[in-house]
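Below you'll find the structure, written out as structure tokens, and then a few comments.
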Amino acid sequence: MPVQVHPTLRVPTDEQRAAIDHRGGALRVLGAPRTGKTETAVAIVLDRVRRQELTTDQVLLLAGTREAAAGLRRRIMVELGGTATTPVARTASSLAFGILRQRAGLLGDPPPRLLNGPEQDVVIRDLLAGHASGEVEGPAWPDRVVGALGTRAFRAELRDLLMRAVENDLGAADLLELAERYEVPEWAACADLLEEYDRVTALATPGAYDPAWIVAAAAQAIAEDPALASAVRGELRLIVVDDAQELTAGSARLLATIAAIPSPAPLDIVLLGDPDTSVQSFRGADPGILGGASGAPV
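Numbering (my numbering), first residue to last: 161 to 458.
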């Protein structure tokens, strides 16, 4: 299905013009649905490139979904009438994957691979089956959930919990501590499973990352490797986040890690969104990140 190309913002409002003209530091652009936030995001990028302040390779435009990122790339390239050596618009997961691929190149390691949902389901299913058979000692699940352990629906909920834990930088020990604090025995069992899941996937599929862990792994890699951090920061001068209400804790941490990389060149960050609206909360989106972000609102 072809991506529809929308007209570029032609006559900006005063608020949109303020966002387009902004230079220096962080800025939040808040607005209700259909008030022109996405058009403003595109206009910000186009303005910098057309003024020859930046090249497309110095700009990163983040979108909440792959479909949205593809649409933004198409719109910008049509307007500029050219191509870019790196994707102008991408998702946080795509950005993280690119960072880990950079690290693999620097270290001479095999390129990373993304575990998809069905692959994750197979790993969890096999772990639970091994526990049920008695071959491997499993977590102490409460009686009220034992009957559901073999169902696909339970595995889906379990996978979602594990991904949300990783996105919020919670390891098995953290999850266990929360289970004890709030007296939720299911979380204690999940903590045991998370530890086993990490161990099994690391051994069976080295270099493979699930969608939640890939973002956290990229942030951790930057923090631990100065050479990688320098390569990631590179010539980057502008980050624009469209639909920033869909940011997860992991993607916000990755952006903060990139912004904190020492560099003599300034980095502007513009977040556009509506903190009162989110359609990706079931995937870990947290609108409160946009509402609590630093930077003057417009």
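Beta carbons: idealized from backbone N, C-alpha and C, even for Gly.
Taking C-beta atoms under 8 Å as the contact rule, A368 and R273 qualify, at a distance of about 5 Å. R261: member of the alpha helix (DSSP H) spanning 252-267, first to last residue. The Cβ atoms of L330 and W347 lie no closer than 8 Å to each other.
Beta-carbon to beta-carbon, L432 and L353 are separated by about 38 Å, too far to satisfy the 8 Å threshold.
The alpha helix (DSSP H) runs lying completely inside the stretch 197-260 and spanning 4 residues or more are 197-210, 226-240, given in chain order. Using a Cβ-Cβ distance cut-off of 8 Å, the stretch 170-177 and the stretch 387-403 are not in contact, since fewer than three pairs of beta carbons, one from each stretch, lie closer than that value. Cβ-Cβ distances below 7 Å link D217 to A244, T245, T246, E395 in the same chain, with the five nearest sequence neighbours on each side left out; the list follows chain order. Between the stretch 375-393 and the stretch 179-197 there are fewer than three inter-stretch CB-CB distances shorter than 8 Å, so the stretches are not counted as touching.
In this structure, the alpha-carbon of L267 lies about 13 Å from that of P386. When DSSP states are grouped into helix, strand and coil, I418 belongs to the helix group.
DSSP, reduced to helix, strand and coil, places T408 within a strand of the structure shown. Runs of the beta strand (DSSP E) lying entirely within the stretch 260-324 and spanning at least 3 residues: none are present.
The beta carbon of A351 sits closer than 7 Å to those of A332, L335, L336, A339, all from its chain and outside the five residues before and after it, given in chain order. By the Cβ test, the stretch 418-438 is in contact with the stretch 182-196, since at least three Cβ pairs between them sit closer than 8 Å.
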